[in-house]
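Q:
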Amino acid sequence: MDRLTLAEALNARQNNFDLIRFVAATMVIVAHAYPLTYGHDDTELLHLLTQQQMTFGTLGVAVFFVISGFLIYQSYDNSPNVFIYAKARILRIFPAFIVVLFLMVFGLGVVLTELSFGEYFTQSTTYQYLLGVFLFPIYYELPGVFENNPWQAAVNGSLWTIPYEFVCYILVVVAGLTQILRWRIVLLILLVGVFLFRWLLFDGSPEVLGSLNHWIRGIGTAKLLELSSYFLAGMVLYAYREKIIIHHYLALISAVILVVTAIFGGLQAWFLLAGSYIIIYLAFSPSIRFHHFAKYGDFSYGIYIYAFPVQQTLVYYSQAQWHPLVNALFAIPITLFFAILSWHLIESKALKLKKVVLVSEKLKI
269 MDRLTLAEAL NARQNNFDLI RFVAATMVIV AHAYPLTYGH DDTELLHLLT QQQMTFGTLG
329 VAVFFVISGF LIYQSYDNSP NVFIYAKARI LRIFPAFIVV LFLMVFGLGV VLTELSFGEY
389 FTQSTTYQYL LGVFLFPIYY ELPGVFENNP WQAAVNGSLW TIPYEFVCYI LVVVAGLTQI
449 LRWRIVLLIL LVGVFLFRWL LFDGSPEVLG SLNHWIRGIG TAKLLELSSY FLAGMVLYAY
509 REKIIIHHYL ALISAVILVV TAIFGGLQAW FLLAGSYIII YLAFSPSIRF HHFAKYGDFS
569 YGIYIYAFPV QQTLVYYSQA QWHPLVNALF AIPITLFFAI LSWHLIESKA LKLKKVVLVS
629 EKLKI
């Protein structure tokens with residue numbers, strides 16, 4: 269393979285991100301099938317193979333955030349001002365997100381609640397669920413819905429990552445306005461620091477740092493650290509795109525690192541470096557060409573936000589008697605159906621609004 273930099277591959281405007289995100293969304297479905305059916309994910313295959321370090325769900329989410337960090341930094345870099353960037357991000361996330369919230373309350377909830385129609389609509393928690401549109405916090409329960417499922421009451425547990433994604437979007441703006449993005453070495457230092465921090469505290473958990481580790485988890489910042497670090501890894505890849513080489517030897521070395529850490533520990537920390545490189549390699553390798561995978565639409569976001577309630581519904585009607593893989597097998601085509609509708613009726617139409625010029629977009633910020 270010729271020496272190919274990431275910047276050169278990026279300039280070709282062809283990549284496999286759509287396929288990778290689709291696969292990642294499907295992995296989340298497979299992973300969720302286990303806790304939704306059994307109430308735990310102890311027997312999930314990747315969970316077993318990695319000594320309980322990762323499930324297909326955590327892997328899928330990690331892939332999403334690495335790709336997001338790469339593409340969102342690119343979006344900010346190419347946006348004339350912060351208002352255009354913000355509009356693009358809002359139009360991508362919120363329209364489908366708002367619709368799925370309303371469908372859960374006035375569709376699925378009405379059909380599946382074990383309460384009467386009157387009782388359901390007089391409960392404050394019914395309308396509280398809609399407050400998730402503000403992201404902080406997300407509400408997961410509707411009265412009388414899925415209360416007897418193994419994973420009790422949660423209507424759409426996948427939505428927990430959306431606020432973290434949005435926070436990362438904001439952090440990009442903050443980094444841009446404070447000129448941090450002009451000094452890419454700062455991003456690299458942050459990534460190395462987070463890598464060491466996660467490797468020592470979260471994956472290695474040495475006793476001397478155990479109390480600090482416990483405190484960090486206790487105040488609820490662990491998930492933000494986890495997801496934003498994957499996002500940061502994607503940002504660093506974009507920042508150093510002129511220096512990074514796309515080569516199968518580097519991908520092989522990265523794969524070996526992941527296999528070793530899956531066995532001996534440190535997988536999630538090392539995924540920041542080795543895993544993020546593999547994602548970029550798969551996205552831009554000249555020998556892997558699925559550039560037109562999303563020819564009929566980008567369904568990954570729709571799959572992600574609809575799969576959980578579809579799977580919970582299947583568990584409800586099957587009375588949790590199906591094997592998790594059977595649940596996933598049925599959930600994938602049903603979820604894809606809703607994702608296709610979401611793309612063509614909501615998401616693609618919302619994205620067309622990016623062409624509408626607002627007064628604020630004429631400002632040079």
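Sequential numbering from 269 applies to the sequence shown in this note's numbering. Built from N, CA and C at the ideal position, the CB exists for glycine as well. Here the structure is a predicted model, which is why all the values come from computation and not from measurement.
1. Is the region 406-422 touching the region 376-386 in the sense that three or more CB pairs, one from each, lie closer than 8 Å?
2. Could you compute how far the alpha carbon of Y498 sits from the alpha carbon of Q282?
3. Closer than 8 Å by C-beta to I406: which residues in its own chain qualify, once you throw out the five before and the five after it? Chain order, please.
4. Where does the unbroken alpha helix (DSSP H) through F351 begin, and where does it stop?
5. Is I513 helix, strand or coil when you go by DSSP?
6. With DSSP as the reference, please indicate the residues paired to A422 in a beta bridge.
7. Which residues in the same chain have their Cβ closer than 6 Å to the Cβ of R485, if we skip the five residues on either side of it in sequence?
8. Which first and last residues belong to the alpha helix (DSSP H) in which P554 is found?
9. Under 8 Å, with one C-beta from each stretch per pair, do the region 538-557 and the region 340-350 reach the 3-pair mark?
10. Could you tell me which uninterrupted alpha helix (DSSP H) segments, each at least 4 residues in length, are contained entirely in the region 538-624, listed from first to last along the chain?
11. Can you have a look at S586 and say buried or exposed, based on whether 16 or more other CB atoms are within 10 angstroms of its CB?
12. What would DSSP say about T273, mapped onto helix, strand or coil?
13. Counting along the chain, where does the alpha helix (DSSP H) carrying N346 start and finish?
14. Which residue comes first and which comes last in the alpha helix (DSSP H) that contains Y432?
15. Provide the residue span of the alpha helix (DSSP H) that contains E387, from first to last.
16. Taking the alpha-carbon positions, what's the E312 to V524 distance?
17. Could you work out which residue in K617, A607, E615 is closest to F290 when comparing CA atoms only?
18. What are the complete alpha helix (DSSP H) segments, minimum 4 residues, inside the region 270-318?
19. Tell me whether I453 is buried or exposed, calling it buried when 16 or more other Cβ atoms sit within 10 Å of its Cβ.
20. Within a Cβ cutoff of 8 Å, which residues of the same chain sit near L477, ignoring the five residues on either side of it in sequence?
21. Can you tell me which of A599, I358, I548 puts its alpha carbon nearest to the alpha carbon of L274?
22. Pairs of beta-carbons, one from the region 357-371 and one from the region 515-532, closer than 8 Å: are there three or more?
23. Locate the alpha helix (DSSP H) running through V378, then write down its first and last residues.
24. Kindly indicate which three-state DSSP category E494 falls into: helix, strand or coil?
25. Let me make sure I understand the geometry here. Which of L495, I288, I546 has the alpha-carbon closest to that of L520?
26. Between the region 442-456 and the region 303-323, can you find at least three pairs of beta-carbon atoms closer than 8 Å?
27. Taking one C-beta from the region 291-301 and one from the region 447-466 each time, how about it: are there three or more such pairs within less than 8 Å?
28. According to the neighbour-count rule (16 or more other Cβ atoms, all chains shown, within 10 Å of its Cβ), is S479 buried or exposed?
29. Whole angstroms are fine: how far does the CA of Y408 sit from the CA of A421?
30. Should V379 go down as buried or exposed, given a rule of 16 or more other Cβ atoms within 10 Å for buried?
A: In terms of the structure at hand:
1. In short, these stretches touch, since the Cβ pair count reaches three.
2. Straight-line spacing of the CA atoms in Y498 and Q282 works out to 23 Å.
3. Exclusion of the five residues before and after I406 leaves G400, L427, W428, I430, P431 as the residues of its chain whose Cβ lies within less than 8 Å of its Cβ.
4. Its alpha helix (DSSP H) spans residues 350-371.
5. Strand.
6. Paired residue(s): E409.
7. Because R485 sits at a pLDDT of 47, beneath the cut-off of 50, its placement in the model cannot be relied upon, and the point is left open.
8. From DSSP, P554 is part of no alpha helix (DSSP H); its letter is neither H nor E.
9. No: fewer than three Cβ pairs fall under 8 Å.
10. Whole alpha helix (DSSP H) segments, 4+ residues: 544-552, 568-586, 592-610, 616-619.
11. The residue is exposed, with fewer than 16 neighbouring Cβ atoms inside 10 Å.
12. Three-state DSSP puts T273 in a strand.
13. It spans 324-346 - the alpha helix (DSSP H) in which N346 sits, taken as one unbroken run.
14. First-last of the alpha helix (DSSP H) with Y432: 429-445.
15. Secondary structure note for E387: its alpha helix (DSSP H) is the uninterrupted segment 385-390.
16. Just so you know, the alpha carbons of E312 and V524 end up roughly 22 Å apart.
17. Nearest to F290 by C-alpha distance, out of K617, A607, E615, is A607.
18. Within the region 270-318, the runs of alpha helix (DSSP H) at least 4 residues long that lie entirely inside it are, in chain order, 274-279, 285-306, 313-317.
19. With fewer than 16 Cβ atoms within 10 Å of its Cβ, I453 is classed as exposed.
20. Its pLDDT being 42, under 50, L477 is placed unreliably by the model, and the measurement read from it follows with that caveat. Answer for L477: L468, L469, listed in chain order.
21. Of the candidates A599, I358, I548, the one whose C-alpha sits nearest the C-alpha of L274 is I548.
22. Counting C-beta pairs closer than 8 Å gives fewer than three between the region 357-371 and the region 515-532, which falls short of the contact rule.
23. Where V378 is concerned, the enclosing alpha helix (DSSP H) stretches over 377-380.
24. When secondary structure is reduced to three states using DSSP, E494 falls in the helix class.
25. Selected option, being the one with the closest Cα: I546.
26. The region 303-323 vs the region 442-456: no contact.
27. They do not touch, by the three-pair rule.
28. Residue placement at S479 is flagged as unreliable, the pLDDT there being 45, under the threshold of 50; a coordinate-derived value is accordingly withheld.
29. Each residue's Cα considered, the two are about 8 Å apart.
30. By the 10 Å Cβ count, V379 comes out exposed.
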